[in-house]
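Below is one structure, written out as structure tokens, with a few remarks after it.
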Amino acid sequence: MTSIRRTPLHTATVTAASDLTPRMRRVTVTAPTLVGVAVNPAQDVELVLAEPSGRRVKRRYTIRFARPEIGEWDLDMLLHQEGPGSQWAADAKPGDAITFFGPRGRLKLTEADWDLFVGDESSLPAIAALLEALHGDGPGGQPRRARAFIEVEGAGDELPIQAGDGVELDLRWIHRGGLAAGTPTALAPQLDGFVSDGWTASGIGHAYLLGESRTVVALRAHLAPLQLSTEQIFTKGYWNLPLGSDR
């Protein structure tokens with residue numbers, strides 16, 4: 001008989017909350033059940049929240065930092081104009097209780113000569129965690145290379161990001177500057193240029209496309225000339241633009 005592994009449920013207490021940018025808030029939580037729990041880069045939690053109507057909903061947010069020795073996690077949460085997750089993050093203060101499932105997510109970095117990361121601000125915490133986890137040389141013996149295209153509204157939404165030891169990082173912030181969020185308009189030209197500039201000509205690499213669900217699918221098509229295998233491309237939708245919205 002095969003057993004089903006279930007993601008643990010935790011009831012935690014908020015110990016700190018602060019704004020990283022006007023739209024990104026870090027909420028630190030602790031619980032005895034988090035002590036000794038290992039967290040992989042870009043894993044997340046699924047918060048159990050209540051809407052004003054009383055209906056329960058779940059929202060997922062990235063675990064940016066974990067300190068298993070003391071059972072403490074930092075959750076980086078993008079603030080939207082509305083929504084139960086955003087509202088909870090905006091109001092969170094030390095002493096608040098929160099219930100969540102986690103850690104969740106099966107993405108694991110593998111050896112590569114180069115890595116491409118593409119996403120909007122919803123994926124910023126995950127991309128930052130993945131970049132920090134890269135290390136050392138690629139299989140070809142040369143320093144591992146990483147390029148990241150991160151779309152944000154403007155310079156005020158940028159955050160300090162570093163790659164792991166020995167990794168050559170080319171980080172490019174793409175400012176929407178008033179363009180609609182959740183569309184491929186800002187990032188698609190960047191990928192077209194990436195495909196044609198020869199950066200991937202040497203070595204084996206992987207591409208990670210994260211962000212609005214349909215935008216991720218559209219952006220994947222722009223990488224087709226590279227002829228990457230399905231094992232070389234990872235995609236994940238963090239949110240969905242309502243159907244009927246301008247794309």
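If you count the sequence shown from 1, position 217 lands on 217 in our numbering, and the numbers rise without skipping.
The C-beta atom is built at its ideal place from N, Cα and C for all residues, glycine as well.
Here the structure is a predicted model, which is why all the values come from computation and not from measurement.
Of all alpha-carbon atoms in Leu179, Leu49, Ser123, Phe100, the one lying nearest the alpha-carbon of Glu212 is that of Ser123. For Leu75, the CB contacts under 6 Å within the same chain, skipping 5 residues up- and downstream, are Val27, Tyr61 in chain order.
DSSP places Val216 in no beta strand (DSSP E) but in the uninterrupted alpha helix (DSSP H) bounded by 213-221. Contact between the segment 141-153 and the segment 168-179 is present: three or more C-beta pairs spanning the two stretches fall below 8 Å.
Taking a contact as a CB-CB distance under 8 Å, the pair Pro143 and Glu111 does not count as one, their CB atoms being some 13 Å apart. Here Leu109 is actually not in contact with Leu78; their C-beta atoms are around 23 Å apart, not less than 8 Å. Counting the other Cβ atoms within 10 Å of the Cβ of Pro68 gives fewer than 16, which makes it exposed. Distances from the alpha-carbon of Asp192 to those of Leu219, Gly177, His206 put Leu219 closest. In this structure, DSSP gives Leu49 an extended state, which the three-state scheme calls strand. DSSP, reduced to helix, strand and coil, places Pro32 within a helical segment of the structure shown.
Judged by beta-carbon spacing, Glu51 lies within the 8 Å limit of Val57, meaning their Cβ atoms are closer than that value. Secondary structure at Ala146: strand, using DSSP grouped into helix, strand and coil.
Remark: fewer than three beta-carbon pairs, one from each stretch, lie closer than 8 Å, so the segment 176-183 and the segment 88-100 are not flagged as touching.
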